[in-house]
Amino acid sequence: VRLKWHYGRHGKTLTSIRDEAARARLLAEATELIAKIKHDHAFEPAPGPLCDWCEYRDLCPVFAHPEKVAAMPPFERREDDGVRLVESFAEIEARRRRLKDELKVVERERDDVERRLADWAEAAGVTTVAGERAQAGITIKEDIHLPTKTGEPDRHAELDEEAKASPLWGDISRLDAHALVEGARSRRWGGELLALAESLLARYGRKVTTRTVRLKRRAGLDEE
Numbered sequence: 189v190r191l192k193w194h195y196g197r198h199g200k201t202l203t204s205i206r207d208e209a210a211r212a213r214l215l216a217e218a219t220e221l222i223a224k225i226k227h228d229h230a231f232e233p234a235p236g237p238l239c240d241w242c243e244y245r246d247l248c249p250v251f252a253h254p255e256k257v258a259a260m261p262p263f264e265r266r267e268d269d270g271v272r273l274v275e276s277f278a279e280i281e282a283r284r285r286r287l288k289d290e291l292k293v294v295e296r297e298r299d300d301v302e303r304r305l306a307d308w309a310e311a312a313g314v315t316t317v318a319g320e321r322a323q324a325g326i327t328i329k330e331d332i333h334l335p336t337k338t339g340e341p342d343r344h345a346e347l348d349e350e351a352k353a354s355p356l357w358g359d360i361s362r363l364d365a366h367a368l369v370e371g372a373r374s375r376r377w378g379g380e381l382l383a384l385a386e387s388l389l390a391r392y393g394r395k396v397t398t399r400t401v402r403l404k405r406r407a408g409l410d411e412e
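Be aware that the sequence shown starts at 189, since it is given in the numbering used here, and climbs by one per residue.
Below is the structure:
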């Protein structure tokens, strides 16, 4: 089948050719679409580029209310329940975004003061620092973090393969990072196994120091 479109205004002719295979595909696609339409009882709207030329926008759930509101005079538009609800929701969303931005600033300030407080406590050799209205308890913990599938997939795969080939695998099957770290720390194994576990941790582990500050309000003071 050869189809020709003549565009007289532009002086152009476009030709489209459909062979037997193309016609069979087109027929199959049309048949599938018809079957889908017959089984679809919801008929949900599907907005697209042609909606701007649609003459039934006032009947469409996507455009019916915007079309109605656009035709209203300003004083009547402000009294529409839908308009008022959307405006209220928009104001709340704007306030929510502002609060989220403010919270990010507060979190950064908190992290900075927490770091400085932990530094001060460590330098002073204390674990509790007193304030006028509260006191802060500082916990310093050293741990070993091993590569993860999401964070360092290549190094995780290397460690996994090496652990599988070692006698440790029976105790840390599926590369249980916690079991490997705790086993080496508590010296669960002896001799070669312990040396192997420590070797894996030395080559793949990363020492991480966690410092936690917990604030406790001093007794007898009301919260402001």
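Just so you know, even glycine gets a beta-carbon here, dropped at the ideal spot from N, CA and C.
Note that the coordinates shown come from a computational prediction; the quantities given were computed from them, not determined experimentally.
TODO: Pull up the distance between the alpha-carbon of L191 and that of L273, whole angstroms please.
DONE: Indexing the sequence shown from 1 puts residue 191 at position 3. Indexing the sequence shown from 1 puts residue 273 at position 85. Spanning the two alpha carbons is a distance of roughly 53 Å.
Open item on the list: Taking a contact to mean a Cβ-Cβ separation below 8 Å, would you say S354 touches L384 in this structure?
Closed with: Residue numbering aside, residue 354 sits at position 166 when the sequence shown is read from its first letter. Residue numbering aside, residue 384 sits at position 196 when the sequence shown is read from its first letter. Cβ atoms of S354 and L384: closer than 8 Å.
Task: Where Y195 sits in the DSSP three-state scheme - done: In the sequence shown, the residue the question calls residue 195 occupies position 7. Three-state DSSP puts Y195 in a strand.
Open item on the list: My parser needs the beta strand (DSSP E) runs of 3 or more residues fully inside the segment 217-287; what are they?
Closed with: none
Task: Local Cβ density within 10 Å of Y392, reported as buried at 16 or more and exposed below that - done: Sequence index remark: in the sequence shown, residue 392 carries index 204 (1-based). With 16 or more Cβ atoms within 10 Å of its Cβ, Y392 is classed as buried.
TODO: Please state whether DSSP places S354 in a helix, a strand or coil.
DONE: To locate residue 354, count along the sequence shown from 1; it is residue 166. If DSSP states are grouped into helix, strand and coil, S354 belongs with coil.
Open item on the list: Once DSSP output is grouped into helix, strand and coil, what is the label at E427?
Closed with: Shown here, the chain extends from 189 to 412; a query on residue 427 therefore has no answer.
Task: Contact between the segment 230-237 and the segment 245-259 (3+ Cβ pairs under 8 Å) - done: yes
Task: Proximal residues to P341 (C-beta, below 7 Å), its chain only, five neighbours per side dropped - done: Position 153 of the sequence shown, counted from the start, is the residue given in the question as residue 341. Around P341: no qualifying Cβ.
Task: Limits of the unbroken beta strand (DSSP E) element including V317 - done: Here residue 317 refers to the residue found at position 129 of the sequence shown. Start and end: 316-318.
Task: Coil, strand or helix - R213 by DSSP - done: Translated into positions along the sequence shown, residue 213 becomes position 25. Correct three-state label for R213: helix.
TODO: Answer yes or no: do A309 and V301 have a C-beta to C-beta separation smaller than 8 Å?
DONE: Within the sequence shown, the letter at position 121 stands for residue 309. Within the sequence shown, the letter at position 113 stands for residue 301. Contact: no.
Open item on the list: For chain D, check one thing: does any of its Cβ atoms lie closer than 8 Å to the Cβ of Y244?
Closed with: The structure shown contains no chain D; it is built from a single protein chain.
Task: Straight-line Cα distance separating V293 from G319 - done: For the purposes of this step, residue 319 is taken as the residue at position 131 of the sequence shown. For the purposes of this step, residue 293 is taken as the residue at position 105 of the sequence shown. Each residue's Cα considered, the two are about 23 Å apart.
- [ ] Evaluate K200 with the Cβ neighbour count: other Cβ atoms within 10 Å of its Cβ, from every protein chain shown; 16 or more gives buried, anything less gives exposed.
- [x] Looking up residue 200 in the sequence shown gives position 12. It counts as exposed.
Open item on the list: DSSP three-state label for T201, please.
Closed with: For the purposes of this step, residue 201 is taken as residue 13 along the sequence shown, with counting starting at 1. Residue state, collapsed to three classes: strand.
TODO: Let me know the secondary structure DSSP gives R321 once reduced to three states.
DONE: Looking up residue 321 in the sequence shown gives position 133. If DSSP states are grouped into helix, strand and coil, R321 belongs with coil.
Task: Unbroken alpha helix (DSSP H) run spanning L389, endpoints - done: Within the sequence shown, numbered from 1, the residue matching residue 389 stands at position 201. Looking at the DSSP string, the run of the alpha helix (DSSP H) that includes L389 is 379-392.
Open item on the list: On the DSSP letters alone, give me the boundaries of the alpha helix (DSSP H) that R373 sits inside.
Closed with: Locating residue 373 in the sequence shown gives position 185, counting from the first residue. Looking at the DSSP string, the run of the alpha helix (DSSP H) that includes R373 is 365-373.
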